[in-house]
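Chemist: Pasting a structure here, questions to come.
Number of protein chains: 2
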Amino acid sequence: MSIKPLLILALAIITILSSCDTKQENHIIVSDIAGYNNAISKAEPGDAIILKNGVWKDAEFIFIANGTKENPITLKAETPGKVFIEGVSSLKLGGNYLVVDGLHFKNGYSPSNAVVEFWVDENNIANHSTLTNCVIEDFNKMSRDDSDLWVLLRGRHNTLSNCYIEGKTNRGPTVRVDVAGRESINNYHQIINNHFGPRPTKGGASGETIQIGDSFTSMSPSYTMVANNLFEKCNGEVEIISSKTNFNEFRNNVFYQSEGSLVTRHGNYATINGNYFIGDGVNENYGGIRIINTGHTVTNNYFYSIIGKNFRSPLAVMNGIPKSPLNRYNQVTDLVVAYNTYINCASPWQFGVGTNINQKDVLPLSEIRSARPIRSIVANNVIYNEKGDPAPIIEHDEADGVSFKSNVINNQAVAFKSHKGVKNVNFKVKEIAPNIYIPSETLNTKAFQGFGFDEFSKDLFGNSRQNDNLVGASVTTDIKNPMILDKSKYGAKWYSNEKELKEPTTHNVTNADELKIKIDDAEDGDIIMLKMGNYNIDSSLQINKKLNITAEDNSNTTINYSGAKNTPLFELQPKGFLDLKNLAIKGTNSQFTFSSLKENMFTHFGLNVSNCVISDFDYVLKVYKESFAERITFQNTTILNCVNGLELSEETNDKGDYNTEYLTIKNCVFTNIDKNVIDYYRGGYDESTIGGNLLLTNSTFTNCGAKEENGILINTRGIINVNISENTFKNNPVKLVALLWGAKNNSHANNKISNSGEIIVEENLKLKLFY
Amino acid sequence: MSIKPLLILALAIITILSSCDTKQENHIIVSDIAGYNNAISKAEPGDAIILKNGVWKDAEFIFIANGTKENPITLKAETPGKVFIEGVSSLKLGGNYLVVDGLHFKNGYSPSNAVVEFWVDENNIANHSTLTNCVIEDFNKMSRDDSDLWVLLRGRHNTLSNCYIEGKTNRGPTVRVDVAGRESINNYHQIINNHFGPRPTKGGASGETIQIGDSFTSMSPSYTMVANNLFEKCNGEVEIISSKTNFNEFRNNVFYQSEGSLVTRHGNYATINGNYFIGDGVNENYGGIRIINTGHTVTNNYFYSIIGKNFRSPLAVMNGIPKSPLNRYNQVTDLVVAYNTYINCASPWQFGVGTNINQKDVLPLSEIRSARPIRSIVANNVIYNEKGDPAPIIEHDEADGVSFKSNVINNQAVAFKSHKGVKNVNFKVKEIAPNIYIPSETLNTKAFQGFGFDEFSKDLFGNSRQNDNLVGASVTTDIKNPMILDKSKYGAKWYSNEKELKEPTTHNVTNADELKIKIDDAEDGDIIMLKMGNYNIDSSLQINKKLNITAEDNSNTTINYSGAKNTPLFELQPKGFLDLKNLAIKGTNSQFTFSSLKENMFTHFGLNVSNCVISDFDYVLKVYKESFAERITFQNTTILNCVNGLELSEETNDKGDYNTEYLTIKNCVFTNIDKNVIDYYRGGYDESTIGGNLLLTNSTFTNCGAKEENGILINTRGIINVNISENTFKNNPVKLVALLWGAKNNSHANNKISNSGEIIVEENLKLKLFY
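Keeping their order, the protein sequence lines are chains W and H.
Residue numbers for the first sequence, in the numbering used here: 1 to 771.
Residue numbers for the second sequence, in the numbering used here: 1 to 771.
Next comes the structure, spelled out in C-alpha cells:
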C-alpha cells in the first residue's frame, strides 16, 4: 500500500470517530443520554456502545439488550477512566451477554436502590453479563440511613471483575447478590479480581463489603464465587463478607488491614479456601473467618498476626440457637477446618463464640446460643507463635463436638490447655514475602485423611497434595513471593488508589476575615496558623476538608463567636476533618462550638481538639442524626460554663447506629456544664455489632450535670466499649456518674468521686432487639 | 460330552449344594449365624452368601463387606420368600456394593433402632448398596412408644427397591433417610418400585411411611429419589411422605386409599412430578400434596376424587411463620404448580393453609403462621368437576403472592370466586382406566411459559411437551391404561398382599367351657354363636384374632363374670378384633368388661359392641397406655351400675398420642356410672396431627358422673373431632356435660340437658406443645 491510500483511510477513521452516534463496524460512539438510548435500542450482538470522554451528569443508564456468548454487547468508555458518571446517576442491566467497561462513578449517588444493578424489571434481568474495569468512588447517598447498594447482582452467571470500589459510608452492603426468585438461584456469579478499597467504619450494622443473599433466602443454592479480590481497609462493620446462601466459594482473596471477618452468616456448605488474612499484631479489629451453620470447609487459609478476639478471632466457631429462628444462629455442624496456617495469631481457634447462656434473664430463650458445634473436625492445621500463646484454643463453650486430628503447633514451649490431636512440634518459619511466613522445614506429620479430604487436592499455592500429604497450608518450603499485595493485580487497570503524599501548606492569618478566606482557600491537609490575638467571628466556619487550625502562641489567641443562636462556630461538613489546637474559644451562650450538618452528611467528618479552652456555648459539640465521625478527640482541653457538653445521641431509631466510633477524652477539665456533659448513645441491640468506644481518662468534672434530667453525668447507653478511669468527679449534683454495661466491655477504675453519686455496673442492660 | 461325565458333574453339584457353608464358584450357602458370620468375614467381590431356607430366629445380621460396581457382594435367600427372619432380628449393612435379596422379616422385631440399617458404625457406613425383593411385615416393637425404623438409609447411593412393607404400628417412620453428617448428604438414594402396604393409623405423630431427614438436617442437600412406588392404605399419620431435606424427587408414585399427604415439611426444591393421588370421593382423609418452604415444583400430577380438606387438600399451600424457628414452618416462596390435572376433587387448591392468626392469644408469636406464599405460580393446570364445586380455590389467607396463568376449569357452570388466569372451559373427560380420566378433547389453551418451564419437557405419561405445549397432565387424548394399580409392578416378585377371602366358620357353643375352647380354636374371622343360656366365666377370655361373638337369641343370653379383681372378661390382645352382639354381661363390680393388655400391645385391637347390656363392672372398658384401636364402637347397648365407663386416657406423656381413632357411641343408655363415663384424651398439641374422633349420638345418660373429680361428664380433652348430638342428659350430678374445643372440629347439637350442667365451648384450649 502506498502512502496516499493510508492517509485517506486515516482521515476517514478520524472523520468517523469525531462524529457522534455513528455506527461503523460495531462501534457506536454516543455523547449524551439520548444518543445512548438510541444506540441501545438498536444494539445487536457484537456492538460496542462507546461513551464519549467527559462527565456524564445525572445519567440513568438503562442497558437492555441481548448479546450472545460469542458476540456480547459492550458499553464502554471512549478512554477507560476518562468517562465520569456523576450526579444522580445509575446503571441498570437487563438481558444477556452484556459488558460494561471502563466507567468511573464519582461525585454523585444513585437515585434508586443501587448504583449498578443487574436487573431492570422482572422481565429484564441480566444474565451472563459483566461489569469490569470500572471504579465506583464515594458514591454515597446524601444521608447515612438512605440505604443502597453499589453493585447489585441478580440473575445468573454475571461477573463483577477488576473493579475498584471505595468509600461507601451509607447504609447497605457495597456489593450484594440477591437470590430471591428462581431466576437468581444457582447463579454462579463471579466476583473476581476486584480491589475493594477503604470502606470506613459505618457506626452500626449494614456496612458489609459483600453480602450474598439474606436470611430469607438462606435456603437457596447460590454458587457465587468470590475469588482473587483484595480487601483493603474494609472496615464498614464486623462482617466484610456476609455469606447468607448455600454453596458459595471464597478463594484466594486477600484481607488486608480490614476490620472485620469473612462470615458464613446464613446458608450452608461454603468453601473457604486459600484466603489470606493479614493483620499487624496491634489492631484487634482485624478478623478472620467466623462460622455459623452447616457443612462449611475452611482449607488452605493463611492468617498472619491476626489478634482479633471472640467474634473477630482468626477462626471463630459460633454456638447456635437450638431450633433457631430463620434470621438468627443455626448450630454449626459438619464443619471441616483443614490445612490452614496461623502465624503469630492470638488465640486463633475459638469455639462456642457467642455463647450467651448467662443472658437468660434478659433475652428470650429463642436468643440463647447454647447449641455447640457438632460433627466437626479440625485437622492438619499449623500454628506458629513467635511468642508462646497461653491459650491458642479458647472454648467459650465446650468444643466437645469437634474432633482435632493431626494439628501441629510451635508454641515456644509455653504451656496451654490442648486437645488430643494437637501436637507440639519445634519447627522454624521463614519469610517468603512481607507478611508471609511458612515453615522452613518439612513438618514430619502425616496429614489426617477425613471423609471428603481427597477433594482438598491442592495447597494454598496451587501445589498438588497428592504426593506430599503434609499438614498446613503449604506442602513445600520452596515458595516464591505470591505478590498478594501487588495492587496492580486487582481492580481497574487504569486506576490506582496509591496517592502521592502532598506536603501541607501553612497559611498564616492575623484576623477574622483572613481566617475565613484561608479556610475556604486551603487545600486538603493544609495548616491554618493563627497569629496571636482576638478573632471575632460572626458566622459559621465551614470545614469540608482536612484542616489543621492552630494558634501560633498557645495561650493568647482567642476566637470569640457571636453568630446566631444554634449555629456552630465550626460547621463540620462531609469530609471535614478538623484538627484544632492552642485556642481559647468563647461564645455568647446560645451557639455551638462544633456541629455536623443537620442533614446531607453523605460521608464522614472528624474532630480533634487539643490544648484549647472552650467556654460559654449552648453546646460544645452537637452531632446530628446520620452524621458519623470515626474519631472525635478532646485532649488537654478545658470546657466550662456551657449549657451542654458533647452530644452524640440522636441515633434514636434503635437500629444499632451511633455517631462516632471512637470518642476519646483525655486530660480534660469540665466545669459548670449543666447537662449532656457527655451523651453518647447507641440504640438497639445486635450481638454482632461491636462498636462505640468511649475512652475517658485523667479528666476532671466539677459542678456538672445540675440540669441533667436522668441524673447521670456520663451517658453511654448501648455503647459497647467504655473505659472510665483515673478521673476526678467532684461536687457534681447527679445521682450517678455513670451506668455501665457489665456484660459488654465497659469498665471503670481509679476514679476519685466525691459528692457526685457513684458509678454503677449493670450486668445485663435490656435493649430493643433490632433484627 | 457323553452322558457319563454329565452325570458325574450333576452329582457333584448336588453334593456341593447340599453341604453347608461350602464355597463353590461364588456361592456360599450358610445355615446358621455362625456360618453367616464366617462367610461374611471372607466375602470377596462377586460372592453371593445364600441363607438357607427356613426360619432364622433372633438373628442379628451384620453385613460388612466391600464389593465393586461390577461385582457386588450379595446376601440372598436360597429361595426368595422362603427365608424368614423372625424373633429379635435385624440387618445392618456397612461397606460398598452390597445387595440383600429375597428375605422375609416377620413375627419379630428389631433389637435396635432399625430393622434394616445402612450403617453399622461410623467406620462402616453402607454406600452403593441395595435392599431388594424383600418383605417386612408386622415387625413391630412390643410397645407403641418404643420407636424404630424399618429401613434406615444412611451413606450414599443406596437403594430400596421392589420391597413389600406392611403393618408398622409403633412410633417411627417406616423408612427414613438420615442425612446427618457429610457421609450421608448428596446421597442420591433410590426408593423405587416398592409396595408400601397398609400402615394403620398410629393415633399420634411419627407414623410417616417415608421421612427424608429431619428439621435439624433440613439445610442439607439430599437428592433422594422416591419413584414408582405404590402406597396402599398408608394411614399412619397425616404425612405419608415427609420430605425434610433439599433437592428430593418424588416421581410417578401412586397414592391409593392412603390417609395422608406428600408433604414438603422441611427442606426446599423438591421435585414432585407425575404422581397419582387416588381417592374415592368419600373418605376425607385421603390427601394430596402439602407445600411448605421454598422452590418446590409440582408438575404433571394427577388427582382423582380427593376430597380432603385443609391440610389434606389436593394442593395445600401453607402459610409460614415469619422468621420461623428451624423446626416450624418456613414461608412458601418460589413455588411452581404446573400441568397438574384434578378430576372430581373438592376445593383442590387451598392457600394459606394453617393460618392461625386468630390464635394469637393462646400461642406464642413464634407459632403464628401469617407469612403468605410469595413469588409463586400456578399455571397450566386442569380442573374437571363432574358436579360443580362452589369453591375450587380456597384462600384461608389471601393468595396475593401467587400468580395464576393459563389454568382451565370445567366447573359445570357453577359459579365460584375465581382468579385471573383461571379460565372456564366446557370440556369432557374420558376414563382410560379405573380412576384415570383425561380430557377427551384437546383443550384449546396455550400453556404459559414461565421461567424454567422448559424443564417440564414431558407429561405424566412420558410424552414430550415440545410440540404440543398444552395445559394439564397429559398432552394427548390417546393414552393407554397406565396400569398404575397392577400390584405385580411393585414390591417383591414372590409376594402378593392380595389374600383370598375365607368364608367364616360358625362355632356353636352351649356352655362356658365350650366358649373358652372355641375362642382359642377359632380362626381369624370366625363366628362364635352362643346358644341361649347363662355362661359363667371365672377367668379372662383372650381375644387375639378377629372374632364375632354373638348370642343366637338377642335377649336371653347372659355371661356372668366372676374373675379376679381388675381382670377383664374380654382381654383384647394385639390383632384381637372383637365383634360382640346380643349379650347381657354382668360382673361383680370389681372387674373390667373389656381391656387391652397392660403392655406388649405391639399392634392394634378393635371392639364393636352392639345390642348388649353391660352391668356391675368396675370398668366397662379400660384401654392401657400404648394400646390402640382404630375403631371402638358401642351401639344399641345399655351400660349400667358401673364404677367407671369407657376409659381411654392414659396417653399422658403429652406427645400427641391417643388410644383410638374412632370412638363411636350410638343409641346407647348409660345409667348410674360413677365416673369416667367417657374419658377420651389426647395430650400435647401439634397442629398437623388431626386425629381423635368421638361421635356420640342418640344416647341417654342418667345419674352418671357422681364421683367424677373434674365435674365433667364427657371428657374429650385434646380430641380434634367431637360430635355430641341428639343425646339426652338427665339428672347427672356434674358441673358440665362437656367442655369442647371450638377452634377444632368440636360440635354439639340438639341435646336435651336437664339437671346436668351444660356444654361449654372454649375457642382456644391451652395445650402443651410437644415439638
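Yeah, the Cβ is synthetic: ideal placement off N, Cα and C, and Gly gets one too.
(1) What are the residues in the stretch 443-459 of chain W lying within 8 Å of chain H by C-beta distance?
(2) Pick out the complete beta strand (DSSP E) segments inside the stretch 335-386 of chain W, 3 residues or longer, and give them in chain order.
(3) Flag LEU11 (chain W) as yes if its beta-carbon sits less than 8 Å from any beta-carbon of chain H, otherwise no.
(4) Could you list which residues in chain W have their beta carbon closer than 7 Å to that of THR183 (chain H), in chain order?
(5) Under a CB-based cut-off of 8 Å, is LYS655 (chain H) close to chain W?
(6) Hey, how far is the Cα of LEU51 (chain W) from the Cα of ALA77 (chain W)?
(7) Across the stretch 630-637 of chain W and the stretch 602-613 of chain W, are there enough close Cβ pairs to call them in contact, namely three or more that are closer than 8 Å?
(8) Determine the closest residue to PRO373 (chain H) out of H:ARG290, H:HIS507, H:LEU443, with distance taken between C-alpha atoms.
(9) Pairs of beta-carbons, one from the stretch 66-83 of chain H and one from the stretch 112-127 of chain H, closer than 8 Å: are there three or more?
(10) For CYS345 (chain H), tell me which candidate among H:ASN253, H:THR652, H:GLY288 has the shortest Cα-Cα distance.
(11) Mark LYS417 (chain W) as exposed unless 16 or more other C-beta atoms lie within 10 angstroms of its C-beta, in which case mark it buried.
(12) For a contact defined as C-beta to C-beta under 7 Å, what are the partners of THR201 (chain H) on chain W?
(13) Does the separation of the CB atoms of LYS428 (chain H) and ILE438 (chain H) fall below 8 Å?
(14) Tell me the rounded alpha-carbon separation between SER366 (chain H) and SER206 (chain H).
(15) Using C-beta distances below 7 Å, list every residue in its chain close to ALA59 (chain H), excluding the 5 sequence neighbours before and after it, in chain order.
(16) So which of H:GLY67, H:CYS163, H:ASP121 has the shortest CA-CA distance to HIS128 (chain H)?
(17) I need the DSSP call for GLU284 (chain H), collapsed to helix, strand or coil.
(18) In three-state DSSP terms, what is SER756 (chain H)?
(19) Tell me the rounded alpha-carbon separation between ASN508 (chain W) and ASP478 (chain W).
(20) Taking the Cβ atom as the reference point for each residue, do THR442 (chain H) and SER406 (chain H) lie within a distance shorter than 8 Å?
(21) For a cutoff of 8 Å on Cβ pairs, would you count MET318 (chain H) as touching chain W?
(22) Which ranges would you report for the beta strand (DSSP E) in the stretch 102-162 of chain W if only whole runs of at least 3 residues count?
(23) So for ASN37 (chain W), helix, strand or coil by DSSP?
(24) Just how far apart, CA to CA, sit VAL99 (chain H) and ASN37 (chain H)?
(25) Starting from ILE719 (chain H), follow the beta strand (DSSP E) in both directions and report where the run begins and ends.
(26) Given a threshold of 16 other Cβ atoms within 10 Å of its Cβ, counted over all protein chains shown, does THR355 (chain W) qualify as buried or as exposed?
(27) For ASN764 (chain H), which of helix, strand or coil comes out of DSSP?
(28) Give the range of the alpha helix (DSSP H) segment to which ILE519 (chain W) is assigned.
(29) Where does SER595 (chain H) sit, in a helix, a strand or coil, going by DSSP?
(30) Quick check on the DSSP output: the beta strand (DSSP E) that includes CYS789 (chain W) runs from which residue to which?
(31) In whole angstroms, what separates the C-alpha of PHE592 (chain W) from that of LEU569 (chain W)?
(32) How about MET219 (chain W) and GLU249 (chain W): do their beta carbons lie closer than 8 Å?
(33) Which of the three DSSP states, helix, strand or coil, is assigned to THR728 (chain W)?
(34) Does any residue of chain H have a CB that is nearer than 8 Å to the CB of ARG372 (chain W)?
(35) Look at the Cβ atom of PHE594 (chain W), then the Cβ atom of THR169 (chain W), and state whether they are nearer than 8 Å.
(36) CB-CB under 6 Å to GLY705 (chain H), same chain, minus the five flanking residues each way: which ones, in chain order?
Modeler: In short, the structure shows the following:
(1) PHE451, GLY452
(2) Runs of the beta strand (DSSP E) inside the stretch 335-386 of chain W: 336-338, 341-343, 349-353, 376-379, 382-384.
(3) Caution is warranted here: a pLDDT of 48 is assigned to LEU11 (chain W), below 50, making its placement in the model unreliable, and the coordinate value is therefore given only provisionally. Not an interface residue.
(4) The residue you asked about is not Thr; residue 183 (chain H) is Glu in the sequence shown. Those within 7 Å of GLU183 (chain H) in chain W are PHE451.
(5) no
(6) 5 Å
(7) yes
(8) H:ARG290
(9) no
(10) H:GLY288
(11) exposed
(12) What THR201 (chain H) touches in chain W, judged by beta-carbon distance under 7 Å, is nothing: the nearest beta carbon there is about 28 Å away.
(13) no
(14) 23 Å
(15) ILE33, ILE85, SER89
(16) H:GLY67
(17) coil
(18) coil
(19) 58 Å
(20) no
(21) Not one chain W Cβ lies under 8 Å of MET318 (chain H).
(22) Runs of beta strand (DSSP E) with 3 or more residues, each lying fully within the stretch 102-162 of chain W, are found at 103-109, 114-117, 119-121, 124-127, 130-132, 135-137, 149-153, 159-161, listed in chain order.
(23) Residue state, collapsed to three classes: helix.
(24) 16 Å
(25) Run containing ILE719 (chain H): none; DSSP gives neither H nor E here.
(26) buried
(27) coil
(28) Counting along the chain, the alpha helix (DSSP H) containing ILE519 (chain W) begins and ends at 512-521.
(29) SER595 (chain H): strand per DSSP, three-state reduction.
(30) Outside the shown range of chain W, which is 1 to 771, sits residue 789 (chain W), and nothing can be said about it.
(31) 6 Å
(32) no
(33) strand
(34) no
(35) In this structure, THR169 (chain W) does not lie closer than 8 Å to PHE594 (chain W) by Cβ.
(36) The answer, listed in chain order, is VAL677, LEU713, ASN732, VAL734.
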